[in-house]
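*Asks:* Okay, handing you the structure first.
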Amino acid sequence: MTRPFNHPSREHRLLESLGPFLNYAPSQRYPAGIGDDAALRRCRRGERLVFTADTLVEGVHFSLAYMTLAEVGFKAMVANLSDCAAMGAGPDGALVQIVFPQKQRARAKRHVKELYSGIRKACRRWGFPVVGGNISMGPSWIVDVTLVGRLGAKQRALHRSGARPGDVLWVSGRPGESAAGLAAIRRWGRARAPGELQALIRRHVAPSARIRAGNALAADRNVRAVIDVSDGVSKDCLTLSYENDLTAELLLTEALASSAMRRAAAQLGADWQDWFLHGGEDYELLFAASPAFDPGRLRNQQGVRFRRIGRFTDRGFGAWVKTCDGSRARLSSGGWDHLGKK
């Protein structure tokens, strides 16, 4: 579909440009691919496979100054699992490619096993195996994961498109806590950060994936469009706006911030609303649903709280945000973008 406006993310614009270059277009076998959280492959008897890939690079996505290799391995899996959750799928198997630093060659075996201990922890928690991969040597640590998910014949696949004017925007959990935890690490260091902020730090170094919540959203026909919050609410909301050609109106209230986020903001002289909008790496689910959607029912089933953050109004790309002080402004994409200006 040709749109009169550009995707808010430079990274996504580059990926979109590769579609025609590779002669990619949605097909009967692959009804979803470039532009969604994961690719979708139809199989026999109505089952579908979901494919996603993500990479963590030392110095770009993590630092071993404040994360263990086991935590890096676990987080690499969560980043991929979150894409599966946004499609309503469960994990089936993974391929893991690891590059270890040449300068650590003598200790590579021990370090790779430590990293894999975090990968194994994720596999056990969400019930899927690592079925292959590769180990190589390079200038720094790189963990690249390809995850295959599965949708049963009667399960609905979720997509970023499908929203309508008047749909309500919801988010799971507490976006911004990961960014607050990272800010605490940068101010005090992980070990010296105040005790009441350690839970926020854990949200950054050891996040979770909303697999069960994604399955539940897929089963609710009131849910129409979903994206995982990996790059920040602002950027991911604009992506939903782009994919649906709808204008979003966000309303921030104090209820969106946890008490730990507010304490961290006070101690760091920061605004929690910036973390909420532009933080990233929360791996929550942002979705549009009809006004008939009942968050309480899913909360009772899944133990995850869903919070209303706005709605889609009229046709047209863009988003506005009303902050806690009552001011209203056009929402800019302040989330993570590999090709954005530093």
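Each residue of the sequence shown is one higher than the one before, starting from 13 at the first, in our numbering. The C-beta atom is built at its ideal place from N, Cα and C for all residues, glycine as well. Here the structure is a predicted model, which is why all the values come from computation and not from measurement.
1. Using alpha carbons as the reference points, say which of Glu296, Gly139, Arg204, Thr80 lies closest to arginine 122.
2. Give a yes or no on whether the C-beta atoms belonging to aspartate 232 and valine 241 are separated by under 9 Å.
3. Which whole-angstrom value is the C-beta distance of leucine 263 and glycine 322, which I expect to be below 8 Å?
4. Quick one: grab the DSSP three-state call for valine 316.
5. How far does the beta strand (DSSP E) with threonine 251 in it reach, from first residue to last?
6. Please name the residue in Leu163, Ser246, Ala267 whose C-alpha comes closest to that of alanine 331.
7. Enumerate, from N- to C-terminal direction, the unbroken beta strand (DSSP E) stretches of 3 or more residues contained entirely within the region 130 to 175.
8. In three-state DSSP terms, what is glycine 188?
9. Say whether the region 93 to 110 touches the region 166 to 186, bearing in mind that this needs 3 or more beta-carbon pairs closer than 8 Å, one atom from each stretch.
10. Tell me whether methionine 149 is buried or exposed, calling it buried when 16 or more other Cβ atoms sit within 10 Å of its Cβ.
11. Going by C-alpha to C-alpha distance, which of Asp104, Val143, Gly144, Val90 sits closest to glycine 130?
12. Keeping to the same chain, check which residues put their C-beta closer than 7 Å to that of proline 141; ignore five residues upstream and five downstream.
13. Report the partner residues of isoleucine 239 according to the DSSP bridge assignment.
14. Can you tell me the Cα-Cα spacing of lysine 87 and alanine 277, whole angstroms?
15. Look at the alpha carbon of alanine 152 and the alpha carbon of glycine 71, and state the distance between them as a whole number of angstroms.
16. Do valine 155 and threonine 67 have their C-beta atoms closer together than 9 Å?
17. Indicate the three-state DSSP secondary structure (helix, strand or coil) for arginine 202 in the structure shown.
18. Kindly indicate which three-state DSSP category arginine 56 falls into: helix, strand or coil?
19. Using 8 Å for Cβ pairs, my map puts alanine 341 next to leucine 258. What's the rounded Cβ distance?
20. Tell me the rounded alpha-carbon separation between lysine 353 and proline 103.
*Replies:* Here's the rundown:
1. In this structure, Thr80 is the residue among Glu296, Gly139, Arg204, Thr80 with its C-alpha nearest to the C-alpha of arginine 122.
2. With respect to valine 241, aspartate 232 sits apart: the two C-beta atoms are not nearer than 9 Å.
3. The C-beta distance from leucine 263 to glycine 322 rounds to 5 Å, short enough to meet the 8 Å contact threshold.
4. Coil.
5. Threonine 251: not part of any beta strand (DSSP E); member of the alpha helix (DSSP H) spanning 245 to 256, first to last residue.
6. Answer by Cα proximity: Ser246.
7. Qualifying beta strand (DSSP E) stretches, in chain order: 142 to 150, 154 to 163.
8. Collapsing the DSSP output to three states places glycine 188 in coil.
9. The region 93 to 110 vs the region 166 to 186: in contact.
10. Its Cβ having fewer than 16 others within 10 Å, methionine 149 is exposed.
11. For the set Asp104, Val143, Gly144, Val90, the Cα lying nearest the Cα of glycine 130 is the one of Val90.
12. For proline 141, where only same-chain residues beyond five positions count, the Cβ hits under 7 Å are Gly105, Cys135.
13. Looking at the DSSP assignment, isoleucine 239 forms a beta bridge with Leu298.
14. Each residue's Cα considered, the two are about 25 Å apart.
15. Before going on, a small fix: residue 152 reads as serine here, not alanine. Serine 152 and glycine 71 have their C-alpha atoms roughly 8 Å apart.
16. Going by C-beta atoms, valine 155 is nearer than 9 Å to threonine 67.
17. It is coil, neither helix nor strand.
18. Three-state result, arginine 56: helix.
19. Their Cβ separation, rounded to whole angstroms, is 19 Å, which puts alanine 341 and leucine 258 out of contact at 8 Å.
20. With a pLDDT of only 46 at lysine 353, under 50, the local geometry of the prediction cannot be trusted, and no value is derived from it.
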